[in-house]
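Enquirer: Numbering (the numbering used here), first residue to last: 758 to 921.
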Amino acid sequence: MEIILYLSVAVIAIAFLVLVISLSKTLKSLQTTLDSVSGTLDGLEKQLDGVTRETTELLHKTNNLADDISRKSESLNSVVNAVKDVGNSVQRFNQSIHNVQNMVDLQLDKNKDKISQVVQWSNVFLELKDKWKTKKTAQIDHQMTEDQMVGEQMVVRQRERARY
């Protein structure tokens, strides 16, 4: 029985040795994996630092761009206000023209009878002027006809004298 005891202890020792060896291999494999993970994390940390720096630079550029856009927007607001003022001025000018037109229309309506009388008197005056011109032209034509007749009579007398 003693042998069984020694054999049991030897089997336990061998099992313990196998356990220690496999545990050692597992721990070495785990050590290699952890070293690889550590290297990967170091690389990620460097990349993350680079991304953080680029993000910071991008944030500064974005802030500068936002400030520039804000300044230009304020400048554009003054231009928009100026154009709006011009539009208001044109609208007031159009309203003034409309008011003047309405006043002229009212005055024309009020003075319609007077305008009609002026037109009638103008037509009468033009007719009298045309008649006067016609009469004067007729007198001049009559005078020219008499002068031509006298002239012809003189030519006839001169011819007659020339015959003698």
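Think of the CB as a built atom: it goes at the ideal place given N, C-alpha and C, for glycine as much as any other residue.
Please state if the CB of Leu883 and the CB of Ile872 are separated by a distance shorter than 9 Å.
Expert: Not in contact: Ile872 and Leu883 (Cβ atoms no closer than 9 Å).
Enquirer: Rounded to whole angstroms, what is the Cα-Cα separation between Lys886 and Gln874?
Expert: Distance between the alpha carbons of Lys886 and Gln874: 18 Å.
Enquirer: On the DSSP letters alone, give me the boundaries of the alpha helix (DSSP H) that Met758 sits inside.
Expert: Segment: none, Met758 is in no alpha helix (DSSP H) and carries neither H nor E.
Enquirer: Is DSSP giving Asn868 helix, strand or coil here?
Expert: The answer is coil: DSSP assigns Asn868 none of H, G, I, E or B.
Enquirer: Gln852 to Asn868, Cα distance in whole Å?
Expert: Those two C-alpha atoms are separated by around 24 Å.
Enquirer: Determine the direct distance from the alpha carbon of Asn838 to that of Ser830, and round the result to whole angstroms.
Expert: Distance between the alpha carbons of Ser830 and Asn838 is about 12 Å.
Enquirer: Hey, how far is the Cα of Asp799 from the Cα of Ser779?
Expert: Roughly 30 Å separates the two Cα atoms.
Enquirer: Take Leu816 and list the residues in its own chain whose beta-carbon comes closer than 6 Å to its own, dropping the five residues that flank it on each side.
Expert: Correct list: empty, nothing qualifies.
Enquirer: Would you report the Cα separation of Arg849 and Thr812, rounded to the nearest angstrom?
Expert: Their backbone Cα atoms lie some 54 Å apart in a straight line.
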